[in-house]
Amino acid sequence: MKDTTLCYIEKDNKYLMIYRNKKKNDVNEGKYVGIGGHIENGETLEECIIREAKEETGLTIINPKYRGIITFISNVYEEERMHLFTCTSFEGELTTCNEGELEWIDKSRLEQIPMWSGDIIFLKMLDTERDFFKLTLTYENDDLISSELTK
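Under my numbering, the first residue of the sequence shown carries the number 12, and numbering increases by one thereafter.
Written out as structure tokens, the structure is:
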């Protein structure tokens, strides 16, 4: 199982997301996703998400908040344990992303844009009072077949 990080940078009731349309053989092609990626050897979760945010957006995120662990199980893709963060403080200017188009998406539009079905589940949870959660999402091909929330 691979470990990755993901962050939703927030501003004015919007999340900064990437519309994935630039990489070949991208499992996320045609979908909106948050900022993040693979943890490098010797890197902490926080170091990873700060580095990934800088690489993908040009922004330096400050004090990202660790919000949850999402486990993705699939009959097609490698299993993944994703460490989920949110962040409201950042510095710098947006740059061009080599993985897709960066866009500030109003939270009220999240269910109207193309994304993984399971993502909408944890995005809704980010707006709750819950400090930390664990969620398992099981996919068959690209279809979400189950979600299980554990404490």
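We put the CB at the ideal spot given by N, CA and C, even for glycine.
Cβ-based neighbour list, residue i, same chain, cut-off 6 Å, excluding 5 preceding and 5 following
i, result
"M93", "T15, L17 and I81"
"L160", "L146"
"M126", "K42 and Y43"
"Y150", "S85"
CA-to-CA distance, residue j to residue i, given in whole angstroms
i, j, result
"G129", "I116", "17 Å"
"E66", "L105", "10 Å"
"I29", "G111", "6 Å"
"E118", "K25", "The residue you asked about is not Glu; residue 118 is Lys in the sequence shown. When rounded, the distance between both Cα atoms is 5 Å."
Spatial neighbours of residue i in its chain, beta-carbon cut-off 8 Å, leaving aside the 5 residues before and after
i, result
"I61", "T71, I72 and P75"
Residue j beta carbon less than 8 Å from that of residue i
i, j, result
"N86", "N152", "yes"
"R78", "L95", "yes"
"Y19", "T97", "yes"
"E40", "N32", "yes"
"L144", "M136", "Just to set this straight, residue 144 is Phe in the shown sequence, not Leu. Yes, they are a contact pair."
"K13", "E89", "yes"
"I132", "E122", "no"
Residues bridged to residue i [DSSP beta-bridge criterion]
i, result
"I20", "L27 and C98"
"L155", "Y150"
"L137", "None; L137 has no bridge partner."
"W115", "L27"
"D14", "R92"
Could you name each continuous alpha helix (DSSP H) segment of 4 residues or more that falls completely within the stretch 45-80, going from the start of the chain to the end? 56-68
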